[in-house]
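Take the sequence shown: its letter number 139 is residue 161 in the numbering used here, and every next letter is one higher.
All C-beta atoms in this analysis are idealised placements derived from N, C-alpha and C, irrespective of residue type, glycine included.
Since the structure is predicted, the reported quantities are computational estimates derived from the model, not experimental observations.
Have a look at the structure below, then the notes.
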Amino acid sequence: MVSPEEQNDIADGLIRSGEITEEQLRRALEVSSSTGKPLEHVLVELGLARKNDVYTALAGKMGIQYVDLATYFVDPTLVNLVPEELARRHTVFPLFKVGDSLAVAMADPSDMVSIDELRLAAGLQIESYLSAGEDILRAIEKYYGNTSLVRLMEKMRVEAGSEEGEQGKRPGPAGTKTPLSKLVDLIVVTAVRDSASDIHIEPDEEVLRIRFRIDGVLYDVPSPPKGLQSAIISRIKVLADLDITETRTPQDGHFRLSVDEEEIDVRVSIVPTVHGENAVLRLHSAKRILIGVEHLGLSKRNLKRIEGMLSRPYGMVLVTGPTGSGKTTTLYSALQRINSSSRNIVTIEDPVECRMELVRQIQVNPRANLTFANGLRAILRQDPDVVMVGEIRDRVTAEIAVQAALTGHLVLSTLHTNDAAGVVVRLTDMGVGPFLVSASVIGVIAQRLVRQICESCKESYRPPAEILKKWGLNGGKDARFHRGIGCNACRGTGYSGRIGIFEVMELDESIGDMILRKESVGAIREAARKKGMRLLSEDGLEKALAGITTIEEATRVTEARVDIGAVGERAVEKKSAAEGEQRYAREPQNTEVNVDSYAQEIAGWVARE
Numbered sequence: 023m024v025s026p027e028e029q030n031d032i033a034d035g036l037i038r039s040g041e042i043t044e045e046q047l048r049r050a051l052e053v054s055s056s057t058g059k060p061l062e063h064v065l066v067e068l069g070l071a072r073k074n075d076v077y078t079a080l081a082g083k084m085g086i087q088y089v090d091l092a093t094y095f096v097d098p099t100l101v102n103l104v105p106e107e108l109a110r111r112h113t114v115f116p117l118f119k120v121g122d123s124l125a126v127a128m129a130d131p132s133d134m135v136s137i138d139e140l141r142l143a144a145g146l147q148i149e150s151y152l153s154a155g156e157d158i159l160r161a162i163e164k165y166y167g168n169t170s171l172v173r174l175m176e177k178m179r180v181e182a183g184s185e186e187g188e189q190g191k192r193p194g195p196a197g198t199k200t201p202l203s204k205l206v207d208l209i210v211v212t213a214v215r216d217s218a219s220d221i222h223i224e225p226d227e228e229v230l231r232i233r234f235r236i237d238g239v240l241y242d243v244p245s246p247p248k249g250l251q252s253a254i255i256s257r258i259k260v261l262a263d264l265d266i267t268e269t270r271t272p273q274d275g276h277f278r279l280s281v282d283e284e285e286i287d288v289r290v291s292i293v294p295t296v297h298g299e300n301a302v303l304r305l306h307s308a309k310r311i312l313i314g315v316e317h318l319g320l321s322k323r324n325l326k327r328i329e330g331m332l333s334r335p336y337g338m339v340l341v342t343g344p345t346g347s348g349k350t351t352t353l354y355s356a357l358q359r360i361n362s363s364s365r366n367i368v369t370i371e372d373p374v375e376c377r378m379e380l381v382r383q384i385q386v387n388p389r390a391n392l393t394f395a396n397g398l399r400a401i402l403r404q405d406p407d408v409v410m411v412g413e414i415r416d417r418v419t420a421e422i423a424v425q426a427a428l429t430g431h432l433v434l435s436t437l438h439t440n441d442a443a444g445v446v447v448r449l450t451d452m453g454v455g456p457f458l459v460s461a462s463v464i465g466v467i468a469q470r471l472v473r474q475i476c477e478s479c480k481e482s483y484r485p486p487a488e489i490l491k492k493w494g495l496n497g498g499k500d501a502r503f504h505r506g507i508g509c510n511a512c513r514g515t516g517y518s519g520r521i522g523i524f525e526v527m528e529l530d531e532s533i534g535d536m537i538l539r540k541e542s543v544g545a546i547r548e549a550a551r552k553k554g555m556r557l558l559s560e561d562g563l564e565k566a567l568a569g570i571t572t573i574e575e576a577t578r579v580t581e582a583r584v585d586i587g588a589v590g591e592r593a594v595e596k597k598s599a600a601e602g603e604q605r606y607a608r609e610p611q612n613t614e615v616n617v618d619s620y621a622q623e624i625a626g627w628v629a630r631e
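In structure tokens form, the structure reads like this:
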């Protein structure tokens, strides 16, 4: 593409415009040199610069225009002009046709060999535009394919019926790649590529519905015929090593698979309903869990507090929040931060969601009487420095964890409460005495996940006066919020990816005395706020002002019931939205739900059978 000198000119331009800093450029150059990737790709992958800014500058140097395929309206009839094999081999995609000229998006517009092949194949003159290679590949997956989903699923019905006739309702073994087994594999693979956290396979009276949970919200995807319901569930049971003959009681299991060189652990839950068995598959990836504490979305103040807690030689650090709020990711990221050959770290989990080097990980097994409590007792005889308990569920586990924290161990665990201060009441309700709580717990991290604004369609706007008044931002005349207007990249939602909002409470001597006096949760919360703790709603508001999420999303997740107007005033006065955005370390995420790709990939392998 462009020469190294031209790449440096682009980088210098981004520095002059304030898009990146010199330190960020040095980091990107080091990664580019070690990996061999072009500088522009590294800048975008590391989240140091926005894709549109980098590629617009790159296209300008090449003397052509940049097209953002994530937001471009594609005419699907044009795919007939460029063979799919050619489009994939040269990473090109047709954009529009004017007269005898065809405009195409190219990852490398300087490749004259590709342009000549396109000219011969289409019988038209070629006008090249620059697009990101990953966006072109997504467009190819989405728009190429000749078999409609309806015809495909009808063919699947016939093939599945034939398979059942030969084998009964039991699918072939795991190694047998029948069309049905490939369909189940493809459902999982598509969900992983769309960054889904869960797959729901839901039977109704006349249809079998499949939905993916992406960024906390469920989306419908093309579903197979109702007639394939039993076969699909049986196939999932085989993969998860469950009893395919048992359909009247709930079953849990798991299996592992590799998707794009990424190891995925799939937790399976199957329950009987009036219309058949309902399956939910939860997807876990070590790559997505081990993201580092600095990339969770913590402000600098909260990050410093958590690092201080993790540096303590003993005591208990608890992470709290509802199911699906990212507690496990926070725990693993914390373990990753303190993991070293000089420490003996042992965990007991249900299930073990991510394998870590140098960490001894124990899987709970009730059938073998290996519970959290029994496992924790055994761990304390293994000379640990750090103990991680997946979840404190009962009084016995809580008491053992507290004793471990009091006898020279750093204990990490999770608990279900609404906020940080609620941990005190929850532990005392379990039967742990106030003295033990105040003596053992050194910190609590409460968290939620909010959806991030899609960078491809992000815009700033001046909120109406009544909204500013509602949030106590009357004095912040320069306050601006951001929102996503909706595009192909975010399926029209305006959101892409999620980030954490946090409430970090340190338990010092004064708060410990309040616990001993059995003061109310509200009093403890207010004391922690006076010592600098930000509430979940306050952290959410800061991220909204920073342009990371919307004010509506922050409100939805936190259900703010406190007066956060003063916080809004301070946030506006302290930093502008642009400055605030740089306070949070984030990794770029792709959460596009490419349901057309899902249908066409199935069509591809059915055609090859």
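Just curious, the beta strand (DSSP E) that residue i is in, first and last residue?
{"i": "residue 231", "result": "230-236"}
{"i": "residue 541", "result": "Neither: residue 541 is in no beta strand (DSSP E) and is coded neither H nor E."}
Can you tell me which of the three DSSP states residue i falls into?
{"i": "residue 536", "result": "helix"}
{"i": "residue 37", "result": "helix"}
{"i": "residue 119", "result": "strand"}
{"i": "residue 379", "result": "coil"}
{"i": "residue 515", "result": "coil"}
{"i": "residue 347", "result": "coil"}
{"i": "residue 125", "result": "strand"}
{"i": "residue 105", "result": "coil"}
{"i": "residue 77", "result": "helix"}
{"i": "residue 133", "result": "coil"}
{"i": "residue 555", "result": "coil"}
{"i": "residue 411", "result": "strand"}
{"i": "residue 287", "result": "strand"}
{"i": "residue 632", "result": "Residue 632 lies beyond the stretch modelled for the chain, which goes from 23 to 631, so this question has no answer here."}
{"i": "residue 416", "result": "coil"}
{"i": "residue 142", "result": "helix"}
{"i": "residue 61", "result": "helix"}
{"i": "residue 332", "result": "helix"}
{"i": "residue 530", "result": "coil"}
{"i": "residue 455", "result": "coil"}
{"i": "residue 464", "result": "strand"}
{"i": "residue 567", "result": "helix"}
{"i": "residue 241", "result": "strand"}
{"i": "residue 374", "result": "coil"}
CB residue i to CB residue j, shorter than 8 angstroms?
{"i": "residue 572", "j": "residue 559", "result": "no"}
{"i": "residue 320", "j": "residue 524", "result": "yes"}
{"i": "residue 358", "j": "residue 314", "result": "yes"}
{"i": "residue 355", "j": "residue 312", "result": "yes"}
{"i": "residue 290", "j": "residue 255", "result": "no"}
{"i": "residue 94", "j": "residue 77", "result": "no"}
{"i": "residue 684", "j": "residue 502", "result": "Nothing can be reported for residue 684, as the shown portion of the chain is limited to 23 through 631."}
{"i": "residue 380", "j": "residue 396", "result": "no"}
{"i": "residue 265", "j": "residue 276", "result": "no"}
{"i": "residue 210", "j": "residue 223", "result": "no"}
Name the DSSP bridge partner or partners of residue i?
{"i": "residue 437", "result": "342"}
{"i": "residue 471", "result": "522"}
{"i": "residue 480", "result": "506"}
{"i": "residue 220", "result": "235, 304"}
{"i": "residue 147", "result": "123"}
{"i": "residue 294", "result": "299"}
{"i": "residue 278", "result": "287"}
{"i": "residue 369", "result": "383, 410"}
{"i": "residue 152", "result": "88, 128"}
{"i": "residue 337", "result": "432"}
{"i": "residue 96", "result": "Partner(s): none; residue 96 has no beta bridge."}
{"i": "residue 392", "result": "387"}
Tell me where the alpha helix (DSSP H) around residue i begins and ends.
{"i": "residue 227", "result": "Per DSSP, residue 227 belongs to no alpha helix (DSSP H) and is neither H nor E."}
{"i": "residue 202", "result": "201-215"}
{"i": "residue 251", "result": "251-261"}
{"i": "residue 85", "result": "Element bounds for residue 85: n/a, residue is neither H nor E."}
{"i": "residue 573", "result": "573-580"}
Is any beta-carbon of chain D found at less than 8 angstroms from that of residue i?
{"i": "residue 561", "result": "Note that chain D does not occur in the displayed structure, where there is just one protein chain."}
Using 8 angstroms as the Cβ pair cut-off and three pairs as the minimum, do the region 364-372 and the region 462-478 touch? no
Would you be able to state if there are at least three C-beta pairs under 8 angstroms between the region 226-241 and the region 274-289? no
Does the region 532-546 come close enough to the region 560-567 that 3 or more CB-CB pairs lie under 8 angstroms? no
Inter-stretch contact (C-beta, 8 angstroms, three-pair minimum) for the region 441-461 and the region 375-395: no
Check whether the region 149-158 touches the region 124-131, taking contact to mean three or more Cβ pairs, one atom from each stretch, closer than 8 angstroms. yes
Do three or more CB pairs link the region 322-335 to the region 525-532 at distances below 8 angstroms? yes
Count Cβ pairs between the region 267-274 and the region 199-210 that sit closer than 8 angstroms; are there 3 or more? no
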